[in-house]
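Residues in the sequence shown are numbered consecutively from 1, following UniProt numbering. Report on one structure; see the data block that follows.
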Amino acid sequence: MMADEAESKNLPPVLIVDDEEVIRQVMRDILTDSGYEVDVVENGEKALAQLKNKTYGLVFADIRMPKMDGMEFLRRAKHLTPDLDIIMMTGYASVDIAVEAIKLGAQDFITKPFNLDHIRIVAERAVERKALKKQAEEGEYYKRISLTDGLTELFNRRHLRHILGTEISRSERSGRKFCLLMVDVDDFKVYNDTLGHPAGDEALKFLAWLLKHHARISDVVCRYGGEEFVVVFPETDVPASRIAAERLRRIIEETEFDRQEVLPGGNFTVSIGMACFPDDATSADELVSNADKAMYHAKRSGKNRLAAWTDISETARSRPSEQRA
């Protein structure tokens with residue numbers, strides 16, 4: 001796509017920095033097909049030269065490269081253009097590397113080999129974030145905060161409806177499924193009543209951070225209300241969603257929360273209900289409702305577990321929802 005066409009769609013130019021030619025070519029093809037103007041270079045030195053001569057909205061940079069590694073490029077690029085969104089890529093991931101990259105100013109961190117479709121989604125999310133930031137700078141601050149939850153700073157229930165509309169349209173166009181998780185904290189009332197609402201709020205903020213931090217890069221995390229959260233897995237089928245959901249559940253179970261010993265089980269856990277479009281629902285409301293019913297089934301089955309709508313018997317599906325616990 002030509003530069004003037006990309007400008008007409010308000011898509012920022014993208015720079016790809018990777019010493020592997022096949023990665024550069026594949027990523028360029030995917031992003032070009034999505035409407036972006038894309039430049040590619042093979043090392044950090046050439047990338048810095050590009051940044052001095054052209055304004056980019058987004059950069060994908062590998063960590064291991066000759067002449068100048070990705071971390072040094074990241075450091076210099078953020079010094080040169082502080083508000084530039086840079087997403088680091090590597091096939092040699094570790095927690096220490098990820099933490100260092102984020103501290104140096106990386107917007108995100110993805111691990112090779114990656115699902116190439118996620119590259120397009122990551123770019124879309126970065127553009128959305130940039131647009132929200134620009135709106136705030138132009139006086140659209142109150143519009144932006146109307147879409148986020150004041151306590152956790154996650155997207156709120158209102159914005160979830162917009163997100164689901166977008167994902168349903170995407171699914172209908174592409175033929176790809178997407179899944180939704182309804183995540184509810186087990187026995188949260190006990191924690192709140194024992195320690196007070198301020199402690200409960202801090203626990204919810206920490207849980208929100210855990211979900212956001214450990215969700216996949218293309219996922220969307222929202223606060224649905226109270227101690228209930230929603231996670232949307234774009235372009236993800238049931239088997240892959242099960243794996244991602246179980247990973248989140250285990251992370252929460254294994255993470256130490258402040259004064260968690262007051263809970264019946266001695267630690268924080270969540271019950272998760274999952275429903276997928278279009279297999280389990282034909283509308284956003286039905287998708288949320290079925291995920292919510294699946295979550296209640298997980299509660300009835302002993303809590304601290306995942307229940308998928310497809311696994312629940314017709315008899316269990318017809319049971320009325322009960323008060324959360």
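Ideal placement from N, C-alpha and C gives every residue a C-beta, glycine not left out. Owing to the predicted nature of the structure, the values given are computational and were not obtained by experimental measurement.
Return the bridge partner residues of MET182 from the DSSP annotation.
Along the sequence shown, read from residue 1 onward, the residue named residue 182 stands at position 182. According to DSSP, which records beta bridges pairwise, MET182 is partnered with VAL230 and GLY273.
Note down the Cα distance separating ASP201 from THR152, rounded to an integer number of angstroms.
Position 201 of the sequence shown holds residue 201. Position 152 of the sequence shown holds residue 152. Going from the Cα of ASP201 to the Cα of THR152 covers about 9 Å.
Quick check on this structure: which residue in VAL238, ASP237 and LEU211 has the alpha carbon closest to the alpha carbon of VAL231?
Along the sequence shown, one-based indexing puts residue 231 at 231. Ranking the options by Cα distance to VAL231, first place goes to LEU211.
According to DSSP, is ASP4 part of a helix, a strand, or is it coil?
Along the sequence shown, one-based indexing puts residue 4 at 4. Confidence at ASP4 is low in this model, with a pLDDT of 48, below 50, so the placement of that residue should be treated as unreliable; the coordinate-derived value is given next. ASP4 falls in the helix class under three-state DSSP.
Can you give the Cα-Cα distance for residue 328 and LYS103, rounded to whole angstroms?
Because residue 328 is not part of the residues shown, which for the chain are 1 to 325, the question remains open.
At what residues does the alpha helix (DSSP H) containing ASP285 begin and finish?
Position 285 of the sequence shown, counted from the start, is the residue given in the question as residue 285. ASP285 -> alpha helix (DSSP H) spans 284 to 300.
So, is ARG120 buried or exposed, given that buried needs 16 or more other C-beta atoms within 10 angstroms?
By 1-based counting over the sequence shown, the position of residue 120 is 120. Buried, by the Cβ-count rule.
Can you tell me the Cα-Cα spacing of GLU128 and THR166, whole angstroms?
As a first step, residue 128 is located in the sequence shown; it is residue number 128 there, counting from the start. As a first step, residue 166 is located in the sequence shown; it is residue number 166 there, counting from the start. Taking the straight line joining both Cα atoms gives about 13 Å.
Is it true that the CB of ASP117 sits closer than 8 Å to the CB of ILE87?
Translated into positions along the sequence shown, residue 87 becomes position 87. Translated into positions along the sequence shown, residue 117 becomes position 117. Not in contact: ILE87 and ASP117 (Cβ atoms no closer than 8 Å).
Pull the bridge partners of MET89 from the DSSP assignment, please.
As a working mapping, residue 89 is identified with position 89 in the sequence shown. MET89 pairs with ASP62 and ILE110.
Could you tell me which residues DSSP pairs with GLY225 in its beta bridges?
To locate residue 225, count along the sequence shown from 1; it is residue 225. Looking at the DSSP assignment, GLY225 forms a beta bridge with GLU228.
Measure the C-alpha to C-alpha separation of GLU72 and ALA47 and round it to an integer number of angstroms.
Here the question's residue 72 lines up with position 72 in the sequence shown. Here the question's residue 47 lines up with position 47 in the sequence shown. Using only the alpha carbons, I get a separation of about 12 Å.
Where DSSP assigns a beta bridge to ASP39, which residues make up the other side?
Walking along the sequence shown from the start, residue 39 turns up at place 39. In the DSSP assignment, ASP39 is bridged to LEU15.
If contacts are defined as beta-carbon pairs under 8 Å, then ALA77 and LEU51 qualify, I think. What distance do you get, rounded to the angstrom?
Taking the first residue of the sequence shown as position 1, residue 77 is located at position 77. Taking the first residue of the sequence shown as position 1, residue 51 is located at position 51. Indeed, because the Cβ distance is near 6 Å, the residues count as touching under 8 Å.
Pull the bridge partners of PHE155 from the DSSP assignment, please.
In the sequence shown, the residue the question calls residue 155 occupies position 155. PHE155 pairs with THR148 and CYS222.
Taking just the CA atoms, how far does THR269 sit from GLU227?
By 1-based counting over the sequence shown, the position of residue 227 is 227. By 1-based counting over the sequence shown, the position of residue 269 is 269. If I take the Cα positions, the gap works out to 12 Å.
Residue interval of the beta strand (DSSP E) (run including ALA307)
Within the sequence shown, the letter at position 307 stands for residue 307. Start and end: 306 to 308.
I think ASP193 touches SER271, with their Cβ atoms under 8 Å apart; what is that distance to the nearest whole Å?
The residue labelled residue 193 in the question sits at position 193 within the sequence shown. The residue labelled residue 271 in the question sits at position 271 within the sequence shown. In this structure ASP193 is not in contact with SER271, their Cβ atoms being roughly 19 Å apart against a cut-off of 8 Å.
So, ALA126 versus ASP69, is the Cβ gap smaller than 8 Å?
Taking the first residue of the sequence shown as 1, we reach residue 126 at position 126. Taking the first residue of the sequence shown as 1, we reach residue 69 at position 69. No, they are not a contact pair.
Once DSSP output is grouped into helix, strand and coil, what is the label at THR255?
By one-based count along the sequence shown, residue 255 stands at place 255. Looking at THR255 - three-state DSSP - the assignment turns out to be coil, as it is neither helix nor strand.
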